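Residue numbers (the UniProt record's numbering): 1 to 211.
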């Protein structure tokens, strides 16, 4: 990304309808990650959007907080949780300034990392470092540059470069990210608007160092 999208873009997306990244269910890659034991201790779902992953993890008994910079997203997430009768916790927060007052053993980023321009990405990863317990884990699911342009995309080098000093990048594998095709992507995918599509994505696991 050359320029990080504005807050208003995301807030307006939730106010005007269902954004293309809201599929009404958790991402399959995150469901599998949980089944593989990827979440422990206190969990932060950063850029939680409509709250599908916070709701999933709450239902499964995790101590989890979902945060998003867009107030409309948090309203959507709370309504979503209430409709499913799940007492999930959500808050409005700036992902680039999470602070260290509360630290988390596991942080989940599903489709947030890839929206940041390079300078903002560095600030974001520093914020994750501050909010993560020493020895804690950050999982990043991000759209790959091998995709069709469904949304902002990042390369393997982008991820490796971001999680350098202060981190150990333990795993970086290819997976998929599921989204809903909008009118703007009909030609690229050759499928009608409203269709679900699984796009190439990266799933990274980074462990915070002790310093």
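Backbone N, C-alpha and C define an ideal beta-carbon position, used for all residues, glycine too. The structure displayed is predicted, hence computed values, not measured ones.
Ignore the nearest five residues each way along the sequence and tell me which others in residue i's own chain have a CB closer than 7 Å to its CB.
i	result
residue 169	160, 163, 204 and 206
residue 180	20, 23, 194 and 196
residue 148	188, 189 and 199
residue 212	Nothing can be reported for residue 212: it is not among the residues displayed for the chain, which extend from 1 to 211.
So if DSSP puts residue i in a beta bridge, which residue, or which two residues, is it bridged to?
i	result
residue 39	Paired residues: none, contrary to the question.
residue 200	176
residue 104	132
residue 123	DSSP, once it has assigned bridges, lists no residue as partnering residue 123.
residue 167	208
residue 148	In DSSP, residue 148 forms no bridge with anything.
residue 114	Paired residue(s): none; residue 114 is not in a bridge.
residue 31	Paired residue(s): none; residue 31 is not in a bridge.
residue 44	65 and 107
Short of 6 Å in beta carbon distance, which residues of its chain neighbour residue i, apart from the five on each side in sequence? Order them along the chain.
i	result
residue 154	114 and 142
residue 76	14 and 50
residue 86	55, 58 and 59
residue 96	123, 124 and 127
residue 105	40, 41, 42, 133 and 136
On the criterion of 16 or more Cβ atoms from any shown chain inside 10 Å, does residue i qualify as buried, or is it exposed?
i	result
residue 80	buried
residue 209	exposed
residue 2	exposed
residue 157	exposed
residue 134	exposed
residue 27	buried
residue 37	exposed
residue 165	exposed
residue 173	exposed
residue 32	exposed
residue 17	exposed
residue 9	exposed
residue 92	exposed
residue 171	exposed
residue 100	exposed
residue 121	buried
residue 83	exposed
residue 131	buried
residue 88	buried
Could you pull out every residue in the same chain whose Cβ sits closer than 8 Å to the Cβ of residue i, ignoring the five residues on either side in sequence?
i	result
residue 62	39 and 43
residue 117	1, 2, 3 and 4
residue 69	7, 10, 47, 92, 93, 94 and 95
Does the stretch 120-133 come close enough to the stretch 178-198 that 3 or more CB-CB pairs lie under 8 Å? Contact fails: fewer than three Cβ-Cβ distances are below 8 Å.
Whole beta strand (DSSP E) runs in the stretch 67-104 with 3 or more residues, listed along the chain? Within the stretch 67-104, the runs of beta strand (DSSP E) at least 3 residues long that lie entirely inside it are, in chain order, 89-92.
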